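Student: Take this structure first; my questions come after.
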Amino acid sequence: MGTFAILSGGGGFLSLFHAVLLFGHIATIVPGIALTVLTLIGVPLVIRFCLRSVRDLTEQIDRIDFAARGTRLTDSRVPREILPVVAGVNEALQRIDAGFEVTQRFFMNAAHELRTPIAILRVQLDAFPTDIAHEKLRAVVRRLTVVVNQILDIERFRQNPMEKKLLDLRTTVSTVVADLAPYAIAEGYSIELDQPQTSVWVHGDAQALDRLVINLVQNAVQHGGKWGTLKVSLSADGTIAVQDEGPGIPPDRHEQIFEPFYRVNPHGAGSGSGLKMVRDIAHFHSGEAILVESSPSGSRFVVRLPIISPSDVHAGIRDGRFLTPAN
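Heads up: the sequence shown begins at 417 in this note's numbering, then just goes up one per residue.
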């Protein structure tokens, strides 16, 4: 028989202390990793879910419009801790509305009170012989009349929603030009009107569109340089244009002139609200109001309104879509 050799061996076993230490590390690291993942991912999701009502509240605040009175925040689904904030904001909005109404009533009352003495002053001035001094006073009175009427119109349109009816723009434009011709001539202008022979139908508020044309012509009178010809035109496509031969408006102010109470000449006539009202009325009628041209030889303002074809006019009256024509 041969010789056999048997080899055996192996590493030492872990001691109890090392085994406890190893398992302790595993027991600590795994929950730590899980807690880290939960903190980085789970907590933001939970917070976002819990505060979703705060986002809704923020969207309500973003929609607050200065022109829309009576706006209030709703507190549905808002956490109890934020309810006092919502209540405080609503109380502040209520105070702002109350102050706004007081201011508006003051301007309305002041404008109404001014109309009577201005009318009396105009009558008395007309009784005096015409000379340079009296003509200057008449010009001041005319400007006061424009400012007062613009203030009254702003509040009237704010309080009374516009009512759309079928109307012929030719009647509106020609009536305004006829009414304002003496005013324009007295200020040193001649005035021309060019419009088509056929009706130009629009669906709009008669008083508002009347005020739109008045403000355009008055703006040309006030800023046209007190000389030259004011050209008023109406196109068959619903475009109203008023052009003067004045000094023009600097390019960097072409958009500013449509802002409320902005005036190119701070010491000039008017309240600075006429063109703002023109643009607002045009937008209400789905149109636009722009300054298309301005140079040292004059400015040209254009209002484009959507028109209604004669066939649609008759069809709309038959099926009740359009109210009875206003003119």
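Backbone N, C-alpha and C define an ideal beta-carbon position, used for all residues, glycine too.
Note that the structure is predicted; figures quoted are calculated from it, not measured.
1) Considering just the uninterrupted stretch of the beta strand (DSSP E) at H619, what are its terminal residues?
2) Can the beta-carbon of D660 be found less than 7 Å from the beta-carbon of G714?
3) When DSSP labels each residue in this structure, what does K692 get in the three-state scheme?
4) Using DSSP with H/G/I as helix, E/B as strand and the rest coil, what is Q613?
5) Give me the Cβ distance between E608 and K642, rounded to the nearest whole Å; I'm assuming they're in contact under 8 Å.
6) Is the beta carbon of S702 sitting closer than 7 Å to the one on P722?
7) Leaving out the 5 sequence neighbours to the left and right, which residues in its chain are closer than 7 Å to D592 when beta-carbon positions are compared?
8) Cα separation between Y599 and A652?
9) May I have the straight-line CA-CA distance separating Q825 from P500, to the nearest angstrom?
10) Within a Cβ cutoff of 6 Å, which residues of the same chain sit near D547, ignoring the five residues on either side of it in sequence?
11) What separation, rounded to the nearest whole angstrom, lies between the Cα atoms of S710 and V470?
12) Should E579 go down as buried or exposed, given a rule of 16 or more other Cβ atoms within 10 Å for buried?
13) Tell me where the alpha helix (DSSP H) around K601 begins and ends.
14) Use the C-beta contact count for F378: other C-beta atoms within 10 angstroms, 16 or more gives buried, fewer gives exposed.
15) Grab me the residues of L485's own chain with a C-beta within less than 8 Å of its C-beta, minus the 5 sequence neighbours each way, in chain order.
16) On the DSSP letters alone, give me the boundaries of the beta strand (DSSP E) that V708 sits inside.
17) Give the DSSP-derived three-state secondary structure of V719 in the structure shown.
18) Can you grab the Cα-Cα spacing for the pair H683 / V494, in whole Å?
19) Taking D728 as the reference, give the member of R695, V708 and W617 with the closest Cα.
20) Taking only three categories from DSSP, how would you classify V453?
21) Using the C-alpha atoms, what's the distance from P712 back to P666?
22) Spell out the partners DSSP gives L650 in its beta bridges.
23) Going by C-alpha to C-alpha distance, which of Q566, A731 and V708 sits closest to G690?
24) Please report how far the alpha carbon of D584 lies from the alpha carbon of V718, in whole angstroms.
Tutor: With the structure as the only source:
1) Unbroken beta strand (DSSP E) run through H619: W617 to G620.
2) Between D660 and G714, the gap from beta carbon to beta carbon is short of 7 Å.
3) Three-state DSSP puts K692 in a helix.
4) Collapsing the DSSP output to three states places Q613 in coil.
5) The Cβ separation is near 17 Å, so there is no contact.
6) Going by C-beta atoms, S702 is nearer than 7 Å to P722.
7) Strictly speaking, residue 592 in this sequence is Val, with Asp absent from that position. Closer than 7 Å at Cβ, skipping near neighbours: D626, V629, I630 and V633.
8) The C-alpha of Y599 lies about 27 Å from the C-alpha of A652.
9) This structure leaves residue 825 out entirely; the chain is present only between 417 and 743.
10) The beta carbon of D547 sits closer than 6 Å to no other beta carbon from its chain once the five residues preceding and following it are set aside.
11) Here the alpha carbon of S710 sits roughly 49 Å from the alpha carbon of V470.
12) E579 is classed as exposed because its beta carbon has fewer than 16 other beta carbons within 10 Å across all chains shown.
13) Contrary to the premise, residue 601 reads as Ile rather than Lys in this sequence. Counting along the chain, the alpha helix (DSSP H) containing I601 begins and ends at L585 to A602.
14) Nothing about residue 378 can be reported from this structure: the residues present for the chain run from 417 to 743 only.
15) The question names Leu, yet the displayed sequence has Arg at residue 485. If the five residues before and after R485 are omitted, its C-beta is found closer than 8 Å to the C-beta atoms of D513, F516 and E517, all from its own chain and listed in chain order.
16) Run containing V708: E704 to S711, per the beta strand (DSSP E) assignment.
17) V719 falls in the strand class under three-state DSSP.
18) Note that H683 scores a pLDDT of 48, beneath 50, so its modelled location is shaky; the value from the coordinates is reported in the next line. Distance from the CA atom of H683 to the CA atom of V494, rounded to whole angstroms, is 51 Å.
19) For D728, the closest C-alpha among the options R695, V708 and W617 is that of W617.
20) Of the three classes helix, strand and coil, the one that applies to V453 here is helix, per DSSP.
21) Rounded to the nearest angstrom, the two C-alpha atoms are 9 Å apart.
22) For L650, which the question treats as bridged, DSSP gives the partners I656.
23) When Q566, A731 and V708 are compared, the shortest CA-CA separation from G690 is found for Q566.
24) The alpha-carbon separation between D584 and V718 amounts to approximately 18 Å.
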